[in-house]
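Residue numbers (this note's numbering): 76 to 509.
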């Protein structure tokens, strides 16, 4: 089944027991809360993409597991073409959202679990993980679920292994085994989009030894499972969301991260995909991280397009778009941006099959080249955009000032560049770039 964006929004309203906190207060409806509504809108775009003309072909894929079209964000890659489509889709969605749309980690988690559970089945003859995962995958695809992926533990003392921590819960681990499943405890940090999803896929975060076996676990749970809490993290300028308004209030699309706390959470066996499999933890992280790094090429180049377009718009407002020094900066920004995109496409086209029955994985060299470029080039693109925008990017008056009848004529007079653009249009572009 392919869900529309509205069906996704209605679905997360029905989570019965989700414990989500923002600024110390529990949130009952994430779709209406000013801190989280932009995240809902951004996540919603991944569902709408399957129905919009310019993204429909990229956002849908045929699943051999359920025998029908599914949203690509829950699809298992069937070849290099699927991996290329991933990068192209992420770039398109970045154009639509101007931010992270938060669904990629869960997608990469699904593909990683398919590879790792398949490898265990092929090499060791143990098929229980693969069988469980495929049944879960069918459930996800048939219901077009919104997934978060949770890999990064809080980690405690960084020089100590999971089993050596003074706080045993510094890494998510199994505290009890029951006939029907396992009980887990711990916390995962920096989890993208976690408050606005249907379910969370939990993964190991590092290489393990035999002593760390209780920490080598992967499973999936609905977000409203008893014992699960989400504490939404702060972001720069997030207080503006409480001010209201349509310029400074940041009411459009944005992302969030949160702390996922698991306090004695029961997970039934059918949702456990790794259990005490410490030998496979390092390879799990390697497979996942390369999938995720390849995806950066799409979303980061798409965001780069937004920055470049905004910088060009501001240059037009200032009357300098055709000046050589501005043209040079814009050209450099395009070069840096396309280098990121190209590396991701290379990682996709050079994909390899890790299983007898699929398990297509990106080229790890090119995926890591993508990662290194993403760790450098977007900051250079941003710096060049700041050079074009000027100091007002950091000192512009507020939306409230613009709405003040006494101040507006003065601001329109003194903040206007070329006459065809208003001061309000300039402020909107500055806020977008900011």
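Backbone N, C-alpha and C define an ideal beta-carbon position, used for all residues, glycine too.
Going by Cα to Cα distance, which pick from 157, 377, 504 is closest to residue 427?
Closest option to residue 427, Cα to Cα, is 157.
If you compare alpha carbons, which of 392, 395, 454, 370 is closest to residue 437?
Ranking 392, 395, 454, 370 by Cα distance to residue 437 puts 370 first.
Could you give the distance in angstroms between the alpha-carbon of residue 318 and the alpha-carbon of residue 406?
If I take the Cα positions, the gap works out to 37 angstroms.
How is the beta strand (DSSP E) around residue 97 delimited, first residue to last?
Residues 94 to 97.
How is the beta strand (DSSP E) around residue 348 delimited, first residue to last?
Per DSSP, residue 348 belongs to the beta strand (DSSP E) from 347 to 350.
Taking the C-alpha atoms as reference points, what is the distance between residue 583 and residue 285?
With the chain covering 76 to 509 only, the question about residue 583 has no answer from this structure.
Anyone know if the C-beta pair for residue 119 and residue 80 falls short of 8 angstroms?
Yes; because the gap between Cβ atoms is below 8 angstroms, this pair is in contact.
If I measure Cβ to Cβ from residue 505 and keep anything under 8 angstroms in the same chain, skipping five residues before and after, which residues do I get?
If we look at residue 505 and ignore the five residues flanking it on each side, its Cβ neighbours are 389, 464, 467, 468, 471.
Can you tell me where the alpha helix (DSSP H) with residue 343 in it begins and where it stops?
It is not in any alpha helix (DSSP H) - residue 343 instead sits in the beta strand (DSSP E) that spans 332 to 343.
Do residue 225 and residue 266 come within 8 angstroms of each other at the CB atom, strictly closer than that value?
Yes, Cβ-Cβ distance for residue 266 and residue 225 is below 8 angstroms.
So who's on the other strand from residue 308, going by DSSP bridges?
BP columns for residue 308 are empty, so no partner.
Cα separation between residue 484 and residue 473?
Straight-line Cα distance between these residues: approximately 14 angstroms.
From this set, 163, 182, 116, 162, which residue's C-alpha is nearest residue 145's C-alpha?
The shortest Cα separation from residue 145 among 163, 182, 116, 162 belongs to 182.
Going by C-alpha distance, which of 391, 476, 206, 185 is nearest residue 219?
The option with the nearest alpha carbon to residue 219 is 185.
Within its chain, find whatever has a CB closer than 6 angstroms to the CB of residue 385; leave out the 5 residues flanking it on each side and keep chain order.
Cβ neighbours of residue 385 beyond the five flanking positions: 504, 507, 508.
Pick out the complete alpha helix (DSSP H) segments inside the segment 419 to 464, 4 residues or longer, and give them in chain order.
Taking only runs of at least 4 residues, the alpha helix (DSSP H) segments lying wholly in the segment 419 to 464 are 439 to 449, 452 to 464.
Determine whether the beta carbon atoms of residue 138 and residue 216 lie at a separation below 8 angstroms.
Their beta carbons are under 8 angstroms apart, which means residue 138 touches residue 216 by this criterion.
So, for residue 56: in the same chain, excluding its five sequence neighbours on each side, which residues have a beta-carbon less than 6 angstroms away from its beta-carbon?
Lying outside 76 to 509, the shown extent of the chain, residue 56 is not represented and no answer is given.
Tell me residue 228's beta-bridge partners as DSSP assigns them.
Answer is 263.
What did DSSP end up calling residue 137 once you bin it into helix, strand or coil?
Note: residue 137 maps to strand in three-state DSSP.
Sorted by chain position, which residues of the same chain lie with C-beta nearer than 7 angstroms to residue 274's C-beta, five sequence neighbours on each side aside?
Around residue 274: 220, 222, 295, 296, 297, 298.
Going by the beta-carbon positions, is the gap between residue 258 and residue 250 smaller than 8 angstroms?
Yes. Within cutoff.
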